[in-house]
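Heads up, the thing below is written out as structure tokens.
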DNA sequence: ATTTTCTCCTGCATGC
DNA sequence: TGCATGCAGGAGAAAA
């Protein structure tokens, strides 16, 4: 379940491995993942081209050349792993990007919720997958609390669902929404419009700290997430509430609860998060 | 217009 | 042991 910290960890590794390198060739094994992979256009953009930049936007990774970019979304179970060309091919390998240095990156995704897409030079911000994304929670250039406060005034949604709206703020998925609300001692069912600016300031601080700590730990691996070298993250050992239903709250020892909000599991402490 | 539900898919846990 | 069932979930599409 890659969210912002997992994608950021991956992007940093891919950037180190790929920046300045040339993509020698591309091989597609299964172009019909969530959406058909634009194999022809991706080949035009990448083959024989040098990688200029590798960046994250929300939960998307963008690998740029002077012709455009490859967009990658890991979905639920996607991996983007560096391999030797002689390594055995993992099941569910859908695409391979061969690098001039003899290594290659492989996109592996058992559940096929992920996507590979092409981004033209002219649409790095206007591409349909990118244009509607909300703010980056770790950007320092603006007031996250103020943004959340303003965006929530006209909403009926509860704060947990609101936080997970990628048109409001990107990268906060099911795990980090639950974790940051627990840290901020806010009940996930609280209507977002009823929170005051002061409470959003506290919440924003905790969103940033939990995401930053998770990046430092290489992300959270519950089942599928791996970095480019196939290594898991380690932040799952620091999770306070996610997946901890019926375990004691780390703060007050009250038994943690699980509920469903907008079809997603939410974990919380019924005592701390009143 | 906003918000909820559905959909995509496979692997794993559960229950009989 | 084996099979059926259900659940997990990011995010766009569809429905409400």
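Residue numbers (this note's numbering): 6 to 279. Even for Gly, the Cβ is constructed at its ideal location relative to N, Cα and C. Predicted model only: the values in this text are computed from it and were never measured.
Check the C-beta distance from residue i over to residue j and give it rounded, since I have them as a contact under 8 Å.
i: residue 177; j: residue 8; result: 7 Å
i: residue 52; j: residue 28; result: 6 Å
i: residue 143; j: residue 244; result: In fact, because the Cβ distance is near 19 Å, the residues do not count as touching under 8 Å.
i: residue 78; j: residue 34; result: That pair is no contact at about 18 Å.
i: residue 250; j: residue 272; result: 6 Å
To the nearest angstrom, report how far apart residue i and residue j are at their CA atoms.
i: residue 266; j: residue 131; result: 31 Å
i: residue 125; j: residue 80; result: 22 Å
i: residue 161; j: residue 92; result: 52 Å
i: residue 253; j: residue 15; result: 32 Å
i: residue 145; j: residue 115; result: 36 Å
i: residue 260; j: residue 17; result: 37 Å
i: residue 50; j: residue 26; result: 14 Å
i: residue 64; j: residue 82; result: 13 Å
i: residue 172; j: residue 226; result: 25 Å
i: residue 48; j: residue 155; result: 43 Å
i: residue 270; j: residue 128; result: 35 Å
i: residue 153; j: residue 147; result: 11 Å
i: residue 256; j: residue 23; result: 43 Å
i: residue 42; j: residue 112; result: 12 Å
i: residue 263; j: residue 70; result: 45 Å
i: residue 118; j: residue 38; result: 7 Å
i: residue 121; j: residue 76; result: 6 Å
i: residue 237; j: residue 6; result: 12 Å
i: residue 158; j: residue 60; result: 32 Å
i: residue 36; j: residue 170; result: 29 Å
i: residue 199; j: residue 207; result: 15 Å
i: residue 192; j: residue 182; result: 11 Å
i: residue 135; j: residue 40; result: 16 Å
i: residue 205; j: residue 194; result: 15 Å
i: residue 149; j: residue 213; result: 9 Å
i: residue 54; j: residue 97; result: 26 Å
i: residue 163; j: residue 32; result: 45 Å
i: residue 101; j: residue 44; result: 11 Å
i: residue 133; j: residue 90; result: 34 Å
i: residue 228; j: residue 242; result: 13 Å
i: residue 211; j: residue 46; result: 41 Å
Using CA coordinates, which residue listed in the options is at the minimum distance from residue i?
i: residue 189; options: 196, 209 and 199; result: 209
i: residue 174; options: 255, 203, 140 and 75; result: 140
i: residue 56; options: 33, 103 and 98; result: 103
i: residue 202; options: 195, 214, 151 and 167; result: 151
i: residue 280; options: 94, 159 and 172; result: Limits of the chain in this structure are 6 at one end and 279 at the other, which puts residue 280 out of reach.
i: residue 30; options: 42, 106 and 279; result: 106
i: residue 268; options: 207, 165 and 246; result: 165
i: residue 247; options: 147, 180, 41 and 167; result: 180
i: residue 21; options: 58, 185, 274 and 147; result: 58
i: residue 197; options: 214, 207 and 168; result: 168
i: residue 66; options: 258, 123, 46 and 278; result: 123
i: residue 258; options: 278, 240, 149 and 242; result: 278
i: residue 274; options: 149, 133 and 186; result: 186
i: residue 138; options: 62, 32 and 54; result: 62
i: residue 240; options: 184, 32, 96 and 205; result: 184
Inset, instruction - Decide if the segment 77–88 is in contact with the segment 232–252; the criterion is three or more beta carbon pairs, one per stretch, under 8 Å apart. - result: Contact between the segment 77–88 and the segment 232–252 is present: 3 or more CB-CB pairs across the two stretches fall below 8 Å.
Inset, instruction - Decide if the segment 218–225 is in contact with the segment 10–21; the criterion is three or more beta carbon pairs, one per stretch, under 8 Å apart. - result: Enough Cβ pairs lie closer than 8 Å, so yes.
Legend entry - Completely contained alpha helix (DSSP H) runs for the segment 154–210, where each covers 4 or more residues: Listed in chain order, they are 164–168 and 179–189.
Legend entry - Segments of 3+ residues assigned as beta strand (DSSP E) that fall wholly inside the segment 64–129: Taking only runs of at least 3 residues, the beta strand (DSSP E) segments lying wholly in the segment 64–129 are 65–70, 73–78, 84–89, 98–104, 108–113 and 120–125.
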